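Sequential numbering of the sequence shown, starting at 70, is according to this note's numbering.
Cβ coordinates follow ideal geometry from the N, Cα and C atoms, glycine included.
Because the structure is a prediction, the values reported are computed rather than measured.
Input: a single structure, listed below in structure tokens.
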Amino acid sequence: MAVLLLEREIDRFFVDHQSQLLSHHPGLSAHTLKRELLWFYNLQGFNFDRKNIFDRLLAGEPLAYIVGYRFFYDAFFKVNSNTLIPRPETEIMVAHLLERFGKVASLSFADIGTGSGALGLSIAMNLQKCQAHLSDICPKALNVAKENYFRLGQHFTHEQEIQFHLSDRLDFEAGTFDFIVTNPPYIKALADRDQVHEQVLQNEPALALFLPDHEYSQWFTQLFSQVANKLKPSGYFLMEGHEAHLDELVTLMGSLDKFKDIRVIPDLTGRSRFIEGIKNG
Ligand SMILES: C[S@@+](CC[C@H](N)C(=O)[O-])C[C@H]1O[C@@H](n2cnc3c(N)ncnc32)[C@H](O)[C@@H]1O
Numbered sequence: 070m071a072v073l074l075l076e077r078e079i080d081r082f083f084v085d086h087q088s089q090l091l092s093h094h095p096g097l098s099a100h101t102l103k104r105e106l107l108w109f110y111n112l113q114g115f116n117f118d119r120k121n122i123f124d125r126l127l128a129g130e131p132l133a134y135i136v137g138y139r140f141f142y143d144a145f146f147k148v149n150s151n152t153l154i155p156r157p158e159t160e161i162m163v164a165h166l167l168e169r170f171g172k173v174a175s176l177s178f179a180d181i182g183t184g185s186g187a188l189g190l191s192i193a194m195n196l197q198k199c200q201a202h203l204s205d206i207c208p209k210a211l212n213v214a215k216e217n218y219f220r221l222g223q224h225f226t227h228e229q230e231i232q233f234h235l236s237d238r239l240d241f242e243a244g245t246f247d248f249i250v251t252n253p254p255y256i257k258a259l260a261d262r263d264q265v266h267e268q269v270l271q272n273e274p275a276l277a278l279f280l281p282d283h284e285y286s287q288w289f290t291q292l293f294s295q296v297a298n299k300l301k302p303s304g305y306f307l308m309e310g311h312e313a314h315l316d317e318l319v320t321l322m323g324s325l326d327k328f329k330d331i332r333v334i335p336d337l338t339g340r341s342r343f344i345e346g347i348k349n350g
């Protein structure tokens, strides 16, 4: 199919089904759809099945799962239904860490709940020298992270060592770290469920999104204790979290008496989004 013809078909498809598409895919534009599908067409060539893709979009399947990739920070990451689709706000953590430590630093770090590997691999590929430890409790997600590492091999040198750990949070042996970063599951399964878009509920892995309400504080207490044990003195911790629960988590983290300079950082829309803290020296 000629590219021009395909572009016209995508435009027509978008106009004809706009309200249905927008109810499933909030914020989707004809421009984004065209950009992603033309990219996918170039990738797939003769296997590109326009009807199948349009049907899946109308059924509400996320575009990233249909094309199998999502651009994050400065590379395309493979994603599938076992991994969260990396979000733009998570890119702020990469920028924040690189600004804090400088790209030429030689650092050891952990990314807990790595999923597709988007966060940990983006940080690692931008540090000249590092030992990166990427963990996930889901073997299928961890396999996608490994695949992304091998796919993106041209971005890495032997000075960037990457290890993968099938593990609950930091339950693996790898010494201590200069910094620890995480975008953990942080939605309360009952209390916050109503605020989650139907498309996310239907398609993205529950393990990546939710924690049981009654285990929430306990889960994070354990996480912060592990972080305190595995950070070097004055090591740095950065975490993405739920706007409504960050203050509660800051208090919890403070109550351990292991961290200083704990504060909430907003995202680009000004909403509370991240917590940072420094392990006592
Ligand atoms: C919100 S997703 C983040 C994925 C990726 N880091 C990103 O930012 O796109 C959370 C990830 O944590 C993993 N996870 C859930 N519980 C975990 C646990 N107890 N220990 C380690 N990883 C966990 C999930 O499988 C999922 O991949």
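Integer Cβ distance of residue i from residue j, believed to fall under 8 Å
i      : j      : result
Gln351 : Glu228 : Past the boundaries of the shown model lies residue 351; the chain is included only from 70 to 350, so the question cannot be answered.
Phe343 : Tyr305 : No, Phe343 and Tyr305 are not in contact; Cβ-Cβ is about 12 Å, not under 8 Å.
Asn217 : Phe109 : Not a contact, Cβ separation roughly 17 Å.
Phe293 : Leu315 : About 13 Å; that fails the 8 Å criterion.
Leu166 : Leu307 : 6 Å
Gly186 : Leu203 : 6 Å
Ser150 : Tyr134 : 6 Å
Leu107 : Glu76  : 7 Å
Identity of the residue in the options nearest residue i by Cα
i      : options                        : result
Leu97  : Ile122, Leu73, Leu126, Lys120  : Leu126
Ile161 : Thr320, Glu105, Val250, Lys257 : Val250
Leu259 : Gln271, Pro253, Thr159, Phe279 : Phe279
Gly310 : Pro253, Leu153, Arg104         : Pro253
Gly189 : Gln89, Thr159, His86           : Thr159
Asp237 : Asp80, Gly184, Gly350          : Gly184
Asn195 : Arg104, Ala179, Asp336, Ala164 : Ala164
Glu312 : Asp180, Gln264, Phe170         : Gln264
Thr338 : Arg139, Pro157, Ser177         : Pro157
Glu273 : Leu132, Arg81, Phe170, Leu300  : Leu132
Ser303 : His283, Lys257, Phe246         : Phe246
Leu239 : Asp180, Ser286, Phe82, Leu90   : Asp180
Leu176 : Gln89, Ala201, Ser191          : Ala201
Leu282 : Leu300, Gln268, Lys257, Val269 : It is worth fixing the name first, because residue 282 is Asp in this sequence and not Leu. Among Leu300, Gln268, Lys257, Val269, the Cα nearest to that of Asp282 is on Lys257.
Gly182 : Phe241, Phe140, Val173, Thr226 : Phe241
Phe233 : Thr226, Lys209, Ala71          : Lys209
Phe225 : Gln268, Gln291, Ala144         : Ala144
beta-carbon residue i near ligand 1 non-hydrogen atom, thresh 7 Å
i      : result
Pro254 : yes
Pro131 : no
Gly184 : yes
Leu153 : yes
Asp282 : no
Ala193 : no
Ser204 : yes
Arg238 : yes
Leu221 : no
Cys199 : no
Thr159 : yes
Ala210 : yes
Leu176 : no
Leu188 : yes
Leu74  : no
Ile181 : yes
Ala313 : no
Leu102 : no
Leu276 : yes
Residue i versus residue j: straight-line alpha-carbon distance, rounded
i      : j      : result
Gly129 : Ala214 : 25 Å
His93  : Phe123 : 13 Å
Tyr142 : Pro155 : 10 Å
Gly114 : Lys329 : 54 Å
Val148 : Thr101 : 18 Å
Asn298 : Leu235 : 19 Å
Lys348 : Phe289 : 16 Å
Val333 : Ser341 : 6 Å
Ala193 : Arg220 : 14 Å
Arg119 : His266 : 26 Å
Leu211 : Thr152 : 9 Å
Gln295 : Gly244 : 12 Å
Gln271 : Arg104 : 25 Å
Glu345 : Cys207 : 25 Å
Leu73  : Ala275 : 39 Å
Lys327 : Leu318 : 14 Å
Phe178 : Asp261 : 31 Å
Ile79  : Tyr255 : 36 Å
Cys199 : Gln87  : 46 Å
Asp205 : Ala277 : 10 Å
Glu284 : Asn116 : 46 Å
Phe170 : Val136 : 34 Å
Ala99  : Phe83  : 6 Å
Gln287 : Asn121 : 44 Å
Leu300 : Ser191 : 21 Å
Val269 : Phe140 : 18 Å
Where are the alpha helix (DSSP H) runs, 4 residues long or more, that stay fully inside the segment 199-248, in chain order?
-> 208-220
In chain order, which alpha helix (DSSP H) runs of at least 4 residues are fully inside the segment 79-164?
-> 87-93, 99-113, 119-127, 132-136
Those runs of the alpha helix (DSSP H) which lie wholly inside the segment 269-307 and span at least 4 residues = 275-278, 285-299
Where in the segment 170-199 do unbroken runs of the alpha helix (DSSP H), each at least 4 residues long, occur, reported from the N-terminal end onward?
-> 187-195
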